[in-house]
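Student: Structure provided below as structure tokens; questions to follow.
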RNA sequence: GGUUCUGUAGCUCAACUGGAUAGAGCAACUGCCUUCUAAGCAGUAGGUUCCAGGUUCGAGUCCUGGCAGAAUCACCA
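In our numbering, the protein residues as written are 11 to 616.
Structure representation (structure tokens):
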């Protein structure tokens with residue numbers, strides 16, 4: 011099926027070339043949907059051609075419009091307002107288009123493009139539970155993966171777990187000191203338990219540091235605050251013990267590794283539950299404990315290639331001043347890795363596992379610099395996948411009180427938030443008296459769907475790179491521009507379909523051959539439905555679930571208008587009735603697909 | 001201080017990549033449940049798109065210079 015926009019574009023380009031003797035490529039022609047307040051479906055802007063044509067924009071519009079009317083049978087009418095040529099497509103075209111869309115089972119799934127993309131997201135630390143910021147990350151990552159899949163890519167979702175390092179040792183140490191053999195329970199998941207010990211460490215550490223600072227200040231009244239703090243940290247038993255623990259872990263000390271495995275497994279079990287309730291999943295999990303030594307061989311390679319250079323102290327650097335950045339350390343003087351060393355190695359590992367054209371990293375915007383550097387380094391090393399590295403950078407979710415700090419325990423916990431939302435969904439549903447005929451199981455499922463719908467939509471409808479404010483005091487809305495609104499429209503359509511089936515209306519095999527005119531709202535709805543594939547493409551090209559979210563809302567809103575405006579089952583003309591049921595069904599399946607790309611389930615009833 | 005990102009209605013966000021009179025939701029106000037689900041529909045009100053220049057037929061969008069906020073510029077990850 012040839013895209014109508016392409017078709018019109020070609021026709022316009024031909025007509026333009028004929029009239030004004032200059033070759034104008036179809037690709038340069040911009041065709042836009044006509045604004046609501048004007049008659050027509052597509053608008054062609056004639057301003058840019060005044061120079062070539064040596065005519066007024068209105069005249070060009072008239073001239074082109076007249077010729078198009080003659081040459082392109084799909085175009086039925088036109089009108090010109092200033093430099094805008096508005097074209098009306100025949101209503102029969104829209105009816106045929108709807109029939110086509112409905113038959114196309116893969117509508118919205120773009121053709122396979124034989125390219126692979128890896129999406130890394132979530133990437134939690136095993137010393138603290140998942141919080142609101144992770145929710146944004148996980149929903150974004152999962153959704154982008156889905157969108158790329160629909161865009162024709164072969165997708166691999168990965169999760170790089172940060173399961174080692176000094177921060178992990180901190181919770182291990184606190185557990186060792188104060189744990190009393192506590193184990194996870196029904197009321198306290200493993201990740202929560204370990205997270206508590208991380209907070210405990212920091213609390214104790216703070217007390218110790220405060221004491222040390224007082225003593226040191228007396229001892230060295232001449233020293234500056236900064237120096238005192240540094241000294242205090244050097245003398246801190248807590249910190250030194252944690253460091254010693256890390257060293258033992260790296261040496262493979264049995265007891266420490268055992269403790270590490272025990273705590274981490276608790277955390278994984280906890281995460282597993284949270285991921286499940288979030289509805290996200292991964293195809294492959296990488297652990298930093300396996301990757302943290304990678305990358306050194308590539309540093310060696312880079313040295314030989316002259317991409318990197320050694321300083322006198324033997325530390326290895328890359329000079330990125332030609333790229334507008336500065337020098338960056340890639341290996342310490344003692345030969346140990348830094349963060350970027352591992353990421354270089356991991357990038358290579360990933361490409362070996364899954365030779366992808368694109369590699370998406372869903373990571374917060376505080377790491378913009380890091381990923382810029384990573385991409386440049388891979389480029390200088392001549393890696394084929396360097397070009398495809400894309401940092402999907404998203405803004406932090408702030409609280410009214412400011413930034414969330416796990417260290418101090420001032421975070422909105424993911425599990426708590428989900429529970430709370432489910433609670434709200436249950437209350438709202440009860441208030442509206444909408445649980446008639448639901449079993450307890452079904453009701454429970456619905457509450458979860460609604461809660462997650464509201465939450466995911468809330469986090470995904472905003473442009474990823476914008477930071478957002480979350481106020482726990484006013485809960486996430488269930489009315490207006492929300493996930494629940496979209497789910498509600500879907501459920502309403504499901505009721506229509508159920509009724510149609512019950513009444514024996516077979517709308518799936520109709521030709522609607524007697525129908526020549528449709529209502530304005532119906533036309534608009536078909537038009538919007540036809541836009542779905544290009545939205546999928548655009549969302550994939552820009553890695554933006556927000557586009558899909560906004561589309562799903564617009565579609566629901568327009569359907570809602572249609573639903574209120576036009577009768578379905580009381581319609582006397584049979585073919586109109588069929589058309590409306592068909593339109594409803596197509597809208598429902600498109601809503602379901604779009605929401606699926608966001609990772610949001612839609613209920614049959616609510 | 002350098003770099004990057006952000007700034008649109010009281011609040012939360014859009015705006016088809018430079019197009020027509022900048023659109024939605026929340027909050028406020030007015031109607032609409034005896035008709036397919038009112039978690040809804042229709043409407044009213046709300047704007048110097050941070051400021052100042054520039055580019056052109058045309059700027060929220062592009063360029064320059066400011067202002068405000070955030071992140072980053074760690075041999076932390």
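C-beta: ideal position from N, C-alpha, C; glycine also.
The alpha helix (DSSP H) with residue 231 in it runs from where to where?
Tutor: Taken as a continuous stretch (DSSP letters only), residue 231 belongs to no alpha helix (DSSP H), as it is neither H nor E.
Student: Name the two residues that bound the continuous alpha helix (DSSP H) containing residue 248.
Tutor: 247-261
Student: Can you tell me where the beta strand (DSSP E) with residue 98 in it begins and where it stops?
Tutor: 94-99
Student: Could you name the residues that DSSP lists as bridge partners for residue 409?
Tutor: 412
Student: Please specify which runs of the beta strand (DSSP E), each continuous and at least 3 residues long, are wholly inside the stretch 349-436, giving them in chain order.
Tutor: 368-374 and 399-404
Student: So is residue 416 buried or exposed if we call it buried at 16+ other beta carbons inside 10 Å?
Tutor: buried
Student: Which residues bound the alpha helix (DSSP H) around residue 39?
Tutor: Where residue 39 is concerned, there is no enclosing alpha helix (DSSP H), given that its DSSP letter is neither H nor E.
Student: Which whole-angstrom value describes the C-beta separation of residue 542 and residue 595, a residue pair presumed to lie in contact below a C-beta threshold of 8 angstroms?
Tutor: With 8 angstroms as the limit, residue 542 and residue 595 do not qualify as a contact, their Cβ atoms being about 15 angstroms apart.
Student: Taking the alpha-carbon positions, what's the residue 414 to residue 423 distance?
Tutor: In a straight line, the C-alpha of residue 414 is about 10 angstroms away from that of residue 423.
Student: Helix, strand or coil for residue 203? Go by DSSP, reduced to three states.
Tutor: helix
Student: Report the option in 304, 190, 159 and 176 whose CA atom is closest to the CA atom of residue 620.
Tutor: Residue 620 lies beyond the range of the chain shown here (11 to 616); nothing can be said about it.
Student: Can you have a look at residue 155 and say buried or exposed, based on whether 16 or more other CB atoms are within 10 angstroms of its CB?
Tutor: Residue 155 should be labelled buried.
Student: Based on the DSSP output, what are the partners of residue 85 in its beta bridges?
Tutor: 99
Student: In whole angstroms, give me the CA-to-CA distance for residue 585 and residue 45.
Tutor: 29 angstroms
Student: When DSSP builds the beta bridges, which residues end up paired with residue 347?
Tutor: In the DSSP output, where bridge partners are listed per residue, residue 347 has 341.
Student: Quick one, which of 107, 40 and 485 has its alpha-carbon nearest residue 522's?
Tutor: 107
Student: Are at least three pairs of beta-carbons, each pair with one atom in the stretch 225-243 and one in the stretch 191-210, less than 8 angstroms apart?
Tutor: Segments in contact, no.
Student: Of the choices 333, 306, 341 and 330, whose alpha-carbon is the least far from that of residue 320?
Tutor: 341
Student: Grab the span of the alpha helix (DSSP H) containing residue 52 for me, first residue to last.
Tutor: No alpha helix (DSSP H) contains residue 52, which is instead part of the beta strand (DSSP E) from 52-55.
Student: Could you check if residue 577 is buried or exposed, using at least 16 other CB atoms within 10 Å of its CB as the buried criterion?
Tutor: exposed
Student: Taking all protein chains shown into account, decide if residue 580 is buried (16 or more other Cβ within 10 angstroms of its Cβ) or exposed.
Tutor: exposed
Student: To the nearest angstrom, how far is it from the Cα of residue 374 to the Cα of residue 129?
Tutor: For the pair residue 374 and residue 129, the Cα-to-Cα distance works out to about 14 angstroms.
Student: According to the Cβ coordinates, are residue 457 and residue 436 closer than 7 angstroms?
Tutor: yes
Student: Quick check on the DSSP output: the alpha helix (DSSP H) that includes residue 588 runs from which residue to which?
Tutor: First-last of the alpha helix (DSSP H) with residue 588: 584-607.
Student: On the criterion of 16 or more Cβ atoms from any shown chain inside 10 Å, does residue 315 qualify as buried, or is it exposed?
Tutor: exposed
Student: By alpha-carbon positions, which one of 81, 73 and 101 ends up nearest to residue 93?
Tutor: Measuring from the Cα of residue 93, the nearest candidate turns out to be 73.
Student: When DSSP labels each residue in this structure, what does residue 329 get in the three-state scheme?
Tutor: In the three-state reduction of the DSSP assignment, residue 329 falls in the strand class, which pools E and B.
Student: Touch check for the stretch 271-291 and the stretch 323-333: three-plus C-beta pairs under 8 angstroms?
Tutor: When C-beta atoms of the stretch 271-291 are compared with those of the stretch 323-333, fewer than three pairs fall below 8 angstroms, so the two segments do not count as touching.
Student: Hey, could you find the ends of the alpha helix (DSSP H) residue 457 is sitting in?
Tutor: 450-470
Student: What are the start and end residues of the beta strand (DSSP E) that includes residue 166?
Tutor: Here the beta strand (DSSP E) through residue 166 covers 164-171.
Student: Taking only the alpha-carbon atoms, compute the straight-line gap between residue 600 and residue 33 and give it to the nearest angstrom.
Tutor: 39 angstroms
Student: Pick out whichever of 100, 462, 363 and 286 has its Cα sitting closest to the Cα of residue 126.
Tutor: Of the listed residues, the one whose Cα sits closest to residue 126 is 363.
Student: What are the boundary residues of the alpha helix (DSSP H) that includes residue 25?
Tutor: 14-30
Student: State the start and end residues of the unbroken alpha helix (DSSP H) segment that holds residue 503.
Tutor: Per DSSP, residue 503 belongs to the alpha helix (DSSP H) from 493-512.
Student: Grab me the residues of residue 545's own chain with a C-beta within less than 7 angstroms of its C-beta, minus the 5 sequence neighbours each way, in chain order.
Tutor: Excluding residues within five positions, the ones whose Cβ falls inside 7 angstroms are 557, 558 and 561.
Student: Take residue 57 and list the residues in its own chain whose beta-carbon comes closer than 6 angstroms to its own, dropping the five residues that flank it on each side.
Tutor: 67 and 93
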